[in-house]
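Participant: The structure that follows is given in the form of structure tokens.
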């Protein structure tokens, strides 16, 4: 029962970390008459764009926070301004550039290393059995493994007694 509770707890921790998405970098490239905007985050993003004018676009990312060291890479010289506003529940990116309304926005998720760690830990706890439980019981004698002497050592089994209260 304890193992199931621990696995459930690790699963919840993994999900809670997976839902808190972090934006790591923004890369803007020039593409003939338009721009390619790449948003790199821990998980896949679903950006919503709103065209404010021909030269200004607002990108809204829900449930996403910017990283402490957010990288911005400009592979174009035409970007006038880039502003990032962050709230508790979303991140807004304002970009000013000529003809930015035709920009293509792509999202690249990074590998999830922490989430896999929790699953590996849960599986290790599930399949981890003590050597005492794996050793045979002969009659009323159970054998324990004594690490200091590297031998099997007989141990007594106490029978479970059920107390009935009136």
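In my numbering, the protein residues as written are 584 to 749. Note that beta-carbon positions come from the ideal geometry of N, C-alpha and C, so glycine has one too. Since we're looking at a predicted model, the values are computed, not measured.
(1) What does the alpha-carbon distance come out to for the pair residue 595 and residue 672?
(2) Reducing DSSP to helix, strand and coil, say where residue 604 ends up.
(3) Would the C-beta of residue 682 count as close to the ligand NAP, meaning under 7 Å from any of its heavy atoms?
(4) Excluding the 5 residues preceding and the 5 following residue 689 in the sequence, name in chain order all residues of the same chain whose CB lies nearer than 6 Å to its CB.
(5) Where does the unbroken beta strand (DSSP E) through residue 679 begin, and where does it stop?
(6) Starting from the C-beta of residue 619, find all residues in its chain whose C-beta is less than 6 Å away, skip the five residues before and the five after it, and write them out in chain order.
(7) From residue 681 to residue 643, what distance separates their C-alpha atoms?
(8) DSSP three-state label for residue 628, please.
(9) Does the distance from the C-beta atom of residue 653 to that of residue 607 stay below 8 Å?
(10) Runs of 3 residues minimum, wholly inside the region 640-670: which ones carry the beta strand (DSSP E) assignment?
(11) Note down, in chain order, each residue of its chain lying with its Cβ closer than 7 Å to the Cβ of residue 679, except the 5 sequence neighbours on either side.
Facilitator: This is what the structure gives:
(1) 20 Å
(2) Secondary structure of residue 604 (DSSP, three-state): strand.
(3) Absence of the ligand NAP is noted for the structure shown, with no ligands found whatsoever.
(4) 621
(5) 673-679
(6) Counting only Cβ-Cβ distances below 6 Å, and skipping sequence neighbours, we find 612, 687.
(7) 20 Å
(8) coil
(9) Yes, these two residues count as a Cβ contact at 8 Å.
(10) 647-658, 664-669
(11) 638, 639, 663, 664
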